[in-house]
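Student: Here you go, one structure.
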Amino acid sequence: MIGIKTMLSLRSLTINGIVRYFNLFPEMFIARIFSNQYSLLEEEDLEKILKIAKHVKVIYTLRDPLARLWSHIKFHYKFKGEEDLVDELTLKEFRKLINKAWFWKNVEYASNYDRLVRVFGEENVKVFYLEDFIAFPQGSLWHLEKFLAIRHIDYQSDASDTKINASKELSMPTQWEKMAMRKLKPYYEEFYARNLNHPSWRY
Numbered sequence: 362m363i364g365i366k367t368m369l370s371l372r373s374l375t376i377n378g379i380v381r382y383f384n385l386f387p388e389m390f391i392a393r394i395f396s397n398q399y400s401l402l403e404e405e406d407l408e409k410i411l412k413i414a415k416h417v418k419v420i421y422t423l424r425d426p427l428a429r430l431w432s433h434i435k436f437h438y439k440f441k442g443e444e445d446l447v448d449e450l451t452l453k454e455f456r457k458l459i460n461k462a463w464f465w466k467n468v469e470y471a472s473n474y475d476r477l478v479r480v481f482g483e484e485n486v487k488v489f490y491l492e493d494f495i496a497f498p499q500g501s502l503w504h505l506e507k508f509l510a511i512r513h514i515d516y517q518s519d520a521s522d523t524k525i526n527a528s529k530e531l532s533m534p535t536q537w538e539k540m541a542m543r544k545l546k547p548y549y550e551e552f553y554a555r556n557l558n559h560p561s562w563r564y
């Protein structure tokens, strides 16, 4: 299994360099790269993955866009070591952050999904929802195994319920939520029209 730190920057690696690393492992092994950031890679970088992997399956896990946006804001500051500053942000600073193209791209699910499909093919890309993993962890994992065509594993419920890299518990201020929802409205509508939404989303 390959951890995310091994391949943090595909853009900076050559195909030969990645292949040399893969050759250290037996021919039959599963490499997993777990990060929402990989859904944001440009097509040329996704093509690098396709060139070195015999079989690629993409699991694109979505969540309510507003919750996703707020979670990414908290994680962004946690990553910078400034998690305690989140509740001190002004409305102006919040607006400036969500209007940055690199930041907003995290909730552009439809365009991210289309890019993944163009490179890997629709049959190799499957959408899952965080809401389902939370409500039905065992069933969601079973569907994931089925998509990956791997053997079933009996997961311990206490392990599958454990939060990993959880951000600080903090509610989004009402003014921020209203501002974000105005910007998100057309995206919710697009996700609904394309059947990319989850029934629990607030569309």
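Following the numbering used here, the numbering of the sequence shown begins with 362 at its first residue and continues without gaps. All residues carry an ideal CB built from backbone N, CA and C; glycine is no exception.
#1: So, is Leu-463 buried or exposed, given that buried needs 16 or more other C-beta atoms within 10 angstroms?
#2: Using three-state DSSP, classify Ile-587 as helix, strand or coil.
#3: Going by C-alpha to C-alpha distance, which of Leu-401, His-559, Ser-396 and Asn-558 sits closest to Val-478?
#4: Counting beta carbon pairs with one atom in the segment 403-415 and one in the segment 537-553, are three or more of them shorter than 8 Å?
#5: For Tyr-399, report the span of its alpha helix (DSSP H) as first-last.
#6: To the nearest angstrom, report how far apart Ser-561 and Tyr-490 are at their CA atoms.
#7: With distances taken Cα to Cα, identify the nearest neighbour of Val-488 among Glu-405, Lys-409 and Arg-424.
#8: Given a threshold of 16 other Cβ atoms within 10 Å of its Cβ, counted over all protein chains shown, does Ser-501 qualify as buried or as exposed?
#9: Give me the DSSP bridge partner(s) of Tyr-490.
#10: Check whether the Cβ atoms of Leu-430 and Val-486 lie closer than 8 Å to each other.
#11: Between Leu-407 and Arg-563, which are expected to be in contact by the criterion C-beta below 8 Å, what is the C-beta distance as a whole number of angstroms?
#12: Mind reading off the beta-carbon distance from Asp-475 to Leu-531? Whole number of angstroms is fine, and I expect it under 8 Å.
#13: Between Val-417 and Phe-481, what straight-line distance do the alpha-carbon atoms span, to the nearest angstrom?
#14: Please identify the residue among Lys-453, Phe-440, His-559 and Ser-396 whose C-alpha is closest to the C-alpha of Ala-541.
#15: With a 10 Å radius around its C-beta and 16 neighbouring C-beta atoms as the bar for buried, classify Ile-514 as buried or exposed.
#16: Counting C-beta neighbours from all protein chains within 10 Å, is the total for Ile-459 16 or more, i.e. buried, or is it exposed?
Tutor: According to the structure shown:
#1: Residue 463 sits at position 102 when you count from the first residue of the sequence shown. According to the sequence displayed, residue 463 carries Trp and not Leu. It counts as exposed.
#2: Limits of the chain in this structure are 362 at one end and 564 at the other, which puts residue 587 out of reach.
#3: Position 117 of the sequence shown holds residue 478. Looking only at Leu-401, His-559, Ser-396 and Asn-558, the smallest Cα-Cα distance to Val-478 is reached by Leu-401.
#4: Under the 8 Å Cβ criterion, the segment 537-553 does not count as touching the segment 403-415, having fewer than three qualifying pairs.
#5: Start at 1 with the first residue of the sequence shown, and residue 399 comes out as number 38. No alpha helix (DSSP H) contains Tyr-399, which DSSP labels as neither H nor E.
#6: Indexing the sequence shown from 1 puts residue 561 at position 200. Indexing the sequence shown from 1 puts residue 490 at position 129. Tyr-490 has its alpha-carbon roughly 10 Å from the corresponding atom of Ser-561.
#7: Looking up residue 488 in the sequence shown gives position 127. Of all alpha-carbon atoms in Glu-405, Lys-409 and Arg-424, the one lying nearest the alpha-carbon of Val-488 is that of Arg-424.
#8: Your numbering for residue 501 matches position 140 in the sequence shown. Buried, by the Cβ-count rule.
#9: Walking along the sequence shown from the start, residue 490 turns up at place 129. DSSP output for Tyr-490 lists Leu-423 as bridge partner(s).
#10: Start at 1 with the first residue of the sequence shown, and residue 430 comes out as number 69. Start at 1 with the first residue of the sequence shown, and residue 486 comes out as number 125. No. Outside cutoff.
#11: Mapped onto the sequence shown, residue 407 falls at position 46. Mapped onto the sequence shown, residue 563 falls at position 202. Approximately 31 Å separates the beta-carbon atoms of Leu-407 and Arg-563; this is outside 8 Å, ruling out the contact.
#12: Stepping through the sequence shown from its first residue, residue 475 is reached at position 114. Stepping through the sequence shown from its first residue, residue 531 is reached at position 170. Going by Cβ atoms, the distance from Asp-475 to Leu-531 rounds to 33 Å, so no, they are not a contact pair.
#13: As a first step, residue 417 is located in the sequence shown; it is residue number 56 there, counting from the start. As a first step, residue 481 is located in the sequence shown; it is residue number 120 there, counting from the start. Taking the Cα positions, Val-417 is about 7 Å away from Phe-481.
#14: For the purposes of this step, residue 541 is identified with residue 180 of the sequence shown, where counting begins at 1. Looking only at Lys-453, Phe-440, His-559 and Ser-396, the smallest Cα-Cα distance to Ala-541 is reached by Lys-453.
#15: Your numbering for residue 514 matches position 153 in the sequence shown. Exposed, because fewer than 16 other Cβ atoms sit within 10 Å of the Cβ of Ile-514.
#16: For the purposes of this step, residue 459 is identified with residue 98 of the sequence shown, where counting begins at 1. With 16 or more neighbouring CB atoms inside 10 Å of its own CB, Ile-459 falls in the buried class.
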